[in-house]
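> Submitted below is the structure of interest, expressed as structure tokens.
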Amino acid sequence: MLLEDTILKLFALVDSVVELYLGTFIKPFLSIHEKFYTALNKTLRKVLEDHRGNIPDWCTANFITYARTVLVVPTLLFLAWDYQFVPSILVLVVDFGDFLDGVVARFWMDIKKEIDEALSSKEKTAASSPPTSDDDESYQVVTTGSPQTLPSWLVLHRNRTYGGFVDAVVRCIE
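If you read the sequence shown in full-length UniProt numbering, its first letter stands for residue 1, the second for the next number, and so on.
Following this line, the structure appears as structure tokens:
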């Protein structure tokens, strides 16, 4: 009993010291940290939006994560060779990359959402537009009224998945 009471009092003391430390020293820095990263997030997002057409498709959050992972090896090598400055810079770059991959992931998700919304509205307008017969994979439905040309599942799927990219490539080849 005495040992349990002593251990519980020790844990309560450690808990109080940790709470005091967190409340006194860490909490003020958290608000500064939040303001800094909010401003950094807005700035990076604006840069991505401003250069939207110049960002290659391969520059994804996964690519940034892989690049950060690759930087572990040179960091460890420089530390093994008793360098301090270069590994410190690499650690800062990796930390920045950790933040950047989140911003890039949200950026690409928003672009994907915009494309999906544009395609779904395009499909709605295509369904209500007058029939055309310029798609090879379309088929005609003959009803008692006038014949209609409807896009095939393949065309709809291709448009939804790739957007106008496939059409642009096919037109370039022709």
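Note that the Cβ used here is the ideal one computed from N, Cα and C, for glycine as well.
#1: Pick helix, strand or coil for Leu8, following the three-state DSSP scheme.
#2: Tell me the DSSP secondary structure of His51 in three-state form.
#3: Buried or exposed for Ser133, going by 16 or more other Cβ atoms inside 10 Å?
#4: Asp5: buried (16+ other C-beta within 10 angstroms of its C-beta) or exposed?
#5: Pick from Arg106, Ser88, Thr60: whose alpha carbon is nearest that of Arg45?
#6: What's the call for Asp101, buried or exposed, on a 16-neighbour Cβ count within 10 Å?
#7: Might you give, ordered along the chain, the residues of its own chain that have their beta carbon closer than 6 Å to the beta carbon of Asp110, omitting 5 neighbours on each side?
#8: Any idea what DSSP makes of Asp82, helix, strand or coil?
Result, derived from the coordinates:
#1: Three-state result, Leu8: helix.
#2: Reduced to three states, the DSSP call for His51 is coil.
#3: Because the pLDDT at Ser133 is just 49, under 50, the model does not fix this residue reliably, and the value given afterwards should be weighed accordingly. Here Ser133 is exposed: its Cβ has fewer than 16 other Cβ atoms, across all protein chains shown, within 10 Å.
#4: Within a 10 Å sphere around the beta-carbon of Asp5 sit fewer than 16 other beta-carbons, which makes this residue exposed.
#5: Taking each of Arg106, Ser88, Thr60 in turn and checking the Cα distance to Arg45, the smallest one comes out for Arg106.
#6: Asp101 comes out buried.
#7: The answer is none, since no qualifying residue turns up.
#8: Note: Asp82 maps to coil in three-state DSSP.
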